[in-house]
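Visitor: Right, I'll just put the structure down here and ask away after.
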Amino acid sequence: MAAPGAAATGLWFAVHDAHGALVARWVASSVDVVVAVGPFHTQHERDLLVGHLPADVRHLRVLLDAPIAVTWQRAVADESRGVSRQWDFHESAHARFRSLLPDIPFHLAFDTSEDSTGAVAAAILEELLSRR
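Just so we're aligned: 65 in my numbering is position 77 of the sequence shown, and the numbers increase by one with no gaps anywhere.
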């Protein structure tokens, strides 16, 4: 979304609901794997994502984490980012994530400041193949 973003316009949950409907359409297609990128930190956000899915759809929840010093450097370096390049917003979002983390269910978790993209992808693939 272009600035000012879904949260600032009051559309945060409408966007999550639309995203969930899109994910469900992809799942209903002939693709083998659908990747949905969050955040889905609260139960309500997760319900909007998976609420459109048939009950028999199996999903794998992957949590990607990194310290704020790392996420801040990544945000600042990415010129395509909007409000997440503003320190106050970035810090607030990170604090929200940290406060919700104990209640976020996941199957696999990675610290992306330590785990390479290749290692994360390999571990996810291994888990998906083990679920066949």
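All C-beta atoms, glycine included, are put in the ideal place defined by N, C-alpha and C.
A quick note: this is a predicted structure, and the numbers were derived from the prediction, not measured.
Check Q50 in the structure and name its three-state DSSP category.
Guide: Locating residue 50 in the sequence shown gives position 62, counting from the first residue. Looking at the sequence itself, residue 50 is Val, so the reference to Gln does not match. The answer is strand: DSSP assigns V50 an E or B state.
Visitor: Does the region 8 to 20 come into contact with the region 40 to 53, if we say contact requires no fewer than three beta-carbon pairs (one atom in each stretch) closer than 8 Å?
Guide: yes
Visitor: Is it buried or exposed for E115, if we count other Cβ within 10 angstroms and need 16 for buried?
Guide: Taking the first residue of the sequence shown as 1, we reach residue 115 at position 127. With fewer than 16 other Cβ atoms within 10 Å, it is exposed.
Visitor: Using a Cβ-Cβ cut-off of 8 Å, state whether D76 counts as contacting chain D.
Guide: Although the question refers to chain D, the structure presented lacks it and comprises just one protein chain.
Visitor: If I'm right that R119 touches R46 with Cβ under 8 Å, what's the distance once you round it to whole angstroms?
Guide: As a working note, residue 119 is residue 131 in the sequence shown. As a working note, residue 46 is residue 58 in the sequence shown. That pair is a contact at about 7 Å.
Visitor: Hey, how far is the Cα of D103 from the Cα of A54?
Guide: In the sequence shown, residue 103 corresponds to position 115, counting from 1. In the sequence shown, residue 54 corresponds to position 66, counting from 1. Cα to Cα, D103 sits roughly 10 Å from A54.
Visitor: Hey, how far is the Cα of L48 from the Cα of T(-3)?
Guide: For this step, residue 48 is matched to residue 60 along the sequence shown. For this step, residue -3 is matched to residue 9 along the sequence shown. L48 and T(-3): Cα-Cα distance of roughly 31 Å.
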